[in-house]
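Chains as they are written, first to last, in my numbering: chain S, -3 to 108; chain R, 159 to 276. Virtual Cβ for every residue (Gly too), placed ideally from N, Cα, C. Please read the structure below before turning to the comments.
Written out as structure tokens, the structure is:
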């Protein structure tokens, strides 16, 4: 059974810092891995989607990497800003399905 | 891009009443939709798979009679929380895979519904 874990659970950093969020999954049979952002009381905003055949994806100050063999993904946020404060979730759909298994989330707070 | 619309975004209801949440795919057909639930400060957990033209498939531990799912058409799935109780208060969100059978693209998520039962 696929399990997705995110470390750290919470993170507080000063503005301008570069930071790394970690996501690990137990079953490497995935089609892709997706990173989401969730603001308090809000829905999900898709940040990056990495196909199983890819190693990384970049969007602006965000860079996500994927190592299927070790069951790990990282989300790198460069030059963090207070507006980046949110909960970040990674999710994987098991092979052959769109049933996403979500990670436990990392609550990020960027201090001005 | 494809859009999934969920309504309402917030609802407050009294204990014992039923609440219906709608999930619509706006510019594509979705034979399958998924319903998730998020407890406070927890991650999202899959509740059930909604199948157009057939019964929903529920995940282990989810009460079928409590959470009624109806996939009325290729663009609409509804989740009805029946005889709601305060412990049903939660954030509910739906998703739909893209119209084509391409597993290398992302599923699309609704905006979510915050249910508060008082």
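Using the C-alpha atoms, what's the distance from residue j back to residue i?
i, j, result
"residue 92(S)", "residue 179(R)", "27 Å"
"residue 254(R)", "residue 106(S)", "32 Å"
"residue 65(S)", "residue 46(S)", "14 Å"
"residue 302(R)", "residue 42(S)", "Limits of chain R in this structure are 159 at one end and 276 at the other, which puts residue 302(R) out of reach."
"residue 220(R)", "residue 12(S)", "43 Å"
"residue 201(R)", "residue 98(S)", "7 Å"
"residue 251(R)", "residue 234(R)", "14 Å"
"residue 210(R)", "residue 231(R)", "6 Å"
"residue 245(R)", "residue 208(R)", "23 Å"
"residue 109(S)", "residue 224(R)", "Lying outside -3 to 108, the shown extent of chain S, residue 109(S) is not represented and no answer is given."
"residue 78(S)", "residue 37(S)", "18 Å"
"residue 168(R)", "residue 240(R)", "17 Å"
"residue 198(R)", "residue 222(R)", "22 Å"
"residue 104(S)", "residue 10(S)", "11 Å"
"residue 170(R)", "residue 190(R)", "28 Å"
"residue 213(R)", "residue 14(S)", "47 Å"
"residue 217(R)", "residue 256(R)", "22 Å"
"residue 49(S)", "residue -1(S)", "21 Å"
"residue 175(R)", "residue 203(R)", "24 Å"
"residue 22(S)", "residue 263(R)", "21 Å"
Thinking just about the alpha-carbon of each residue, which of the options is nearest to the one in residue i?
i, options, result
"residue 29(S)", "105(S), 102(S), 85(S), 108(S)", "85(S)"
"residue 90(S)", "9(S), 27(S), 16(S)", "27(S)"
"residue 272(R)", "248(R), 188(R), 161(R)", "248(R)"
"residue 183(R)", "275(R), 268(R), 274(R), 223(R)", "268(R)"
"residue 61(S)", "16(S), 97(S), 37(S), 75(S)", "16(S)"
"residue 275(R)", "186(R), 242(R), 204(R)", "242(R)"
"residue 102(S)", "38(S), 78(S), 108(S), 32(S)", "32(S)"
"residue 57(S)", "51(S), 67(S), 44(S)", "44(S)"
"residue 196(R)", "190(R), 188(R), 189(R), 205(R)", "205(R)"
"residue 165(R)", "245(R), 244(R), 238(R)", "238(R)"
"residue 72(S)", "55(S), 49(S), 0(S), 95(S)", "55(S)"
"residue 1(S)", "14(S), 8(S), 49(S), 20(S)", "20(S)"
"residue 279(R)", "161(R), 173(R), 203(R)", "This structure gives no information on residue 279(R), because the portion of chain R shown stretches from 159 to 276."
"residue 186(R)", "175(R), 163(R), 217(R), 215(R)", "163(R)"
"residue 177(R)", "226(R), 256(R), 217(R)", "226(R)"
"residue 270(R)", "172(R), 181(R), 203(R)", "181(R)"
"residue 87(S)", "172(R), 217(R), 194(R)", "194(R)"
Leaving aside the five residues before and after residue i along the sequence, list all residues of the same chain whose C-beta is less than 6 Å from its C-beta, in chain order.
i, result
"residue 228(R)", "236"
"residue 18(S)", "3, 70"
Since residue i and residue j should fall inside the 8 Å C-beta cutoff, what is the C-beta to C-beta distance between them, to a whole number of angstroms?
i, j, result
"residue -3(S)", "residue 192(R)", "With 8 Å as the limit, residue -3(S) and residue 192(R) do not qualify as a contact, their Cβ atoms being about 17 Å apart."
"residue 75(S)", "residue 35(S)", "With 8 Å as the limit, residue 75(S) and residue 35(S) do not qualify as a contact, their Cβ atoms being about 20 Å apart."
"residue 24(S)", "residue 67(S)", "6 Å"
"residue 6(S)", "residue 100(S)", "Not quite, the Cβ-Cβ distance comes to about 11 Å (not below 8 Å), so this is no contact."
Near residue i, which residues of its chain fall below 8 Å by C-beta distance, leaving aside the five closest residues on each side in sequence?
i, result
"residue 40(S)", "32, 33, 34, 85"
"residue 108(S)", "11, 78"
"residue 215(R)", "206, 207, 209"
For residue i, which residues of its own chain have a beta-carbon under 7 Å away from its beta-carbon, when the five flanking residues on both sides are left out?
i, result
"residue 59(S)", "52, 72"
"residue 80(S)", "73, 104, 106"
If the cut-off is 9 Å on Cβ atoms, which residues from the segment 195 to 212 of chain R count as contacting chain S, listed in chain order? 196, 199, 200, 201, 202, 203, 204, 207
Using a Cβ-Cβ cut-off of less than 8 Å, list which residues of the segment 217 to 236 of chain R approach chain S; keep chain order. none
Closer than 8 Å between beta carbons: that is the criterion. Which residues of the segment 261 to 272 of chain R meet it against chain S? 261, 262, 263, 264, 265, 267, 268, 269, 270, 272
Chain R contacts from the segment 90 to 101 of chain S (Cβ-Cβ distance under 9 Å): Going along the segment 90 to 101 of chain S in chain order, one finds 91, 92, 93, 94, 95, 96, 97, 98, 99, 100, 101 with a Cβ nearer than 9 Å to chain R.
Got a sec: which bits of the segment 243 to 259 of chain R sit with their beta carbon under 9 Å from any beta carbon on chain S, in order along the chain? 249, 251, 253, 254, 255, 256
The segment 42 to 63 of chain S: positions lying closer than 9 Å to chain R by Cβ: 42, 45, 47, 48, 49
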